[in-house]
Amino acid sequence: MVITLGRKEHEHQYISKKRFVMHMNGEGIGFGKTILFNEHFVVYGIPAIVSAIGKYTIAKIKPAETNGIDLVDNRDATPRYKQDKKEQQQDSLQRIITKMNLDFSNKGIQIELGGSLYAASGIGASAASCVAIARALSEYYGLGLTDEQINEIAFEGEKGYHGTPSGIDNTASTFGGLIWFQKDQPTIMERISLNNPVEIVIGNTGKVADTTAAVAGVRERREQNPEKYQGIFNRAENIAYLAKRAFADEDIHEIGKLMNENHKLLQQIEVSSKELDFMVKLARDAGAYGAKLTGGGLGGNMIALTPGKNLQEEVVTSLEKEGFQTLKTRIGVTRGGSIE
Ligand code: PMV
Numbered sequence: 000m001v002i003t004l005g006r007k008e009h010e011h012q013y014i015s016k017k018r019f020v021m022h023m024n025g026e027g028i029g030f031g032k033t034i035l036f037n038e039h040f041v042v043y044g045i046p047a048i049v050s051a052i053g054k055y056t057i058a059k060i061k062p063a064e065t066n067g068i069d070l071v072d073n074r075d076a077t078p079r080y081k082q083d084k085k086e087q088q089q090d091s092l093q094r095i096i097t098k099m100n101l102d103f104s105n106k107g108i109q110i111e112l113g114g115s116l117y118a119a120s121g122i123g124a125s126a127a128s129c130v131a132i133a134r135a136l137s138e139y140y141g142l143g144l145t146d147e148q149i150n151e152i153a154f155e156g157e158k159g160y161h162g163t164p165s166g167i168d169n170t171a172s173t174f175g176g177l178i179w180f181q182k183d184q185p186t187i188m189e190r191i192s193l194n195n196p197v198e199i200v201i202g203n204t205g206k207v208a209d210t211t212a213a214v215a216g217v218r219e220r221r222e223q224n225p226e227k228y229q230g231i232f233n234r235a236e237n238i239a240y241l242a243k244r245a246f247a248d249e250d251i252h253e254i255g256k257l258m259n260e261n262h263k264l265l266q267q268i269e270v271s272s273k274e275l276d277f278m279v280k281l282a283r284d285a286g287a288y289g290a291k292l293t294g295g296g297l298g299g300n301m302i303a304l305t306p307g308k309n310l311q312e313e314v315v316t317s318l319e320k321e322g323f324q325t326l327k328t329r330i331g332v333t334r335g336g337s338i339e
């Protein structure tokens with residue numbers, strides 16, 4: 000199935016600016032995600048593979064006594080995450096409101112964020128919150144927005160966090176499942192299905208990372224060293240197609256090997272960190288078929304491919320022994336993924 004999402008800057012607004020008379024309670028969900036192949040490269044139009052995970056953010060809206068928006072963030076979070084992202088979160092919220100053409104100057108609302116996804120770098124926490132908020136607002140005002148519209152709104156919200164996001168995070172967060180994603184005109188999204196979902200482990204360095212800075216760093220180095228970067232980018236593109244074939248064959252060993260190679264490329268473009276490299280090594284030594292950083296890098300999270308509950312548990316143990324927080328889930332499950 001190929002779904003073209005038409006990521007054009009749509010002119011239309013979803014509702015006209017007006018004072019709302021009828022209020023309901025609104026609730027919305029956004030899935031967390033993990034990028035299996037080609038974070039960063041995806042920004043330049045190279046295909047990437049992403050999976051939603053079985054953890055999600057829930058946004059709940061209720062009327063408030065005062066005007067404006069009162070955002071209550073009750074998500075569990077990596078220390079410093081909420082403080083560090085506060086300004087970006089406000090910017091993001093404003094973009095969502097503008098895109099939806101909502102006006103709270105006469106009647107305010109409270110948005111409460113919660114759910115099972117902890118707020119950390121690299122697992123789509125920002126996108127999940129944008130999607131959850133857009134869905135909750137749609138429900139609260141009875142707008143009946145489609146997933147495509149929610150995805151577009153969340154993409155706007157992501158700009159508050161990322162500057163120039165590729166759109167991969169909000170796409171996984173909105174649609175769920177395992178997805179082949181390519182930023183193009185229009186954006187290409189293809190679902191990847193697996194007969195047998197595969198266990199993964201996500202490990203948190205505990206360090207909050209700034210994706211905007213990581214993306215800007217890659218851009219700068221690429222401009223300074225175009226030939227070196229061209230070679231790396233070409234290999235990243237090859238890896239995407241090889242991984243797609245390996246998924247079609249359900250060749251998990253091959254997928255693991257390609258993830259390892261993908262991590263090497265991410266090291267070469269200097270978005271890994273010593274914690275990420277250490278965790279990747281721990282996971283591989285414990286038997287993971289493959290391991291790499293996931294998301295923006297420079298901290299944040301890593302992912303290990305660990306088919307079978309036993310191997311998954313062994314990798315968890317080895318990471319947790321060193322004090323790292325882990326999350327267990329599976330890829331290849333429709334929608335959000337399994338909740339564990
Ligand atoms: O750091 P995260 O989880 O938000 O992932 C960002 C992924 C990048 O490829 C680095 C940026 C993007 O917009 O695609």
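The letter at position 204 of the sequence shown is residue 203 when you use numbering that gives the first Met the number 0, and the numbering goes up by one with no holes. Each residue gets a CB set at the ideal place from its N, CA and C atoms; glycine is no exception.
query: Can you find the residues in the same chain that come closer than 7 angstroms, C-beta to C-beta, to residue 252, ignoring five residues on each side of it along the sequence?; result: 288
query: Please look up how many angstroms separate the CB atoms of residue 125 and residue 157, rounded, as I've assumed it's under 8 angstroms.; result: 6 angstroms
query: Thinking just about the alpha-carbon of each residue, which of 38, 24, 146, 34 is nearest to the one in residue 232?; result: 38
query: Let's see if you can read the secondary structure: which residues bound the beta strand (DSSP E) around residue 64?; result: Looking at the DSSP string, residue 64 is not in any beta strand (DSSP E), and its letter there is neither H nor E.
query: Thinking C-alpha only, which one of 29, 295, 137 is nearest residue 207?; result: 295
query: By a C-beta neighbour count over all protein chains shown, 10 Å radius and 16 as the cutoff for buried, is residue 248 buried or exposed?; result: exposed
query: Where does residue 186 sit, in a helix, a strand or coil, going by DSSP?; result: coil
query: Would you tell me roughly how many angstroms separate the C-alpha atoms of residue 323 and residue 150, rounded to the nearest one?; result: 32 angstroms
query: Determine the DSSP secondary structure at residue 297, reduced to helix, strand or coil.; result: coil
query: Just to check, is the beta-carbon of residue 168 closer than 6 angstroms to a non-hydrogen atom of the ligand PMV?; result: yes
query: Just to confirm the assignment, what range does the beta strand (DSSP E) spanning residue 25 have?; result: 25 to 36
query: Within the segment 79 to 115, note down every full beta strand (DSSP E) run reaching 3 residues or more, in order along the chain.; result: 108 to 114
query: How is residue 47 classed by DSSP in three states: helix, strand or coil?; result: strand
query: In whole angstroms, what is the alpha-carbon distance linking residue 376 and residue 132?; result: Here the chain comprises residues numbered 0 to 339, so residue 376 is not present and cannot be evaluated.
query: Do residue 32 and residue 168 have their C-beta atoms closer together than 7 angstroms?; result: yes
query: Helix, strand or coil for residue 230? Go by DSSP, reduced to three states.; result: helix
query: Count the other C-beta atoms from every protein chain shown that fall within 10 angstroms of the C-beta of residue 79, then say buried if there are 16 or more, exposed otherwise.; result: exposed
query: Taking 7 angstroms as the limit between beta carbons, can you name the residues of its chain near residue 297, skipping five residues before and five after?; result: 208, 213, 270, 272
query: Tell me the rounded alpha-carbon separation between residue 64 and residue 303.; result: 47 angstroms
query: Given this structure, state the Cα-to-Cα distance separating residue 76 from residue 57, to the nearest angstrom.; result: 14 angstroms
query: Closer than 6 angstroms to a non-hydrogen atom of the ligand PMV - does that hold for the CB of residue 121?; result: yes
query: Have a look at residue 290 and residue 97 and give me their C-alpha separation to the nearest angstrom.; result: 39 angstroms
query: List the endpoints of the continuous alpha helix (DSSP H) containing residue 218.; result: 210 to 223
query: Could you compute how far the alpha carbon of residue 310 sits from the alpha carbon of residue 93?; result: 44 angstroms
query: What residues in its chain sit with their C-beta under 6 angstroms from that of residue 317, if we drop five residues either side in the sequence?; result: 281, 285
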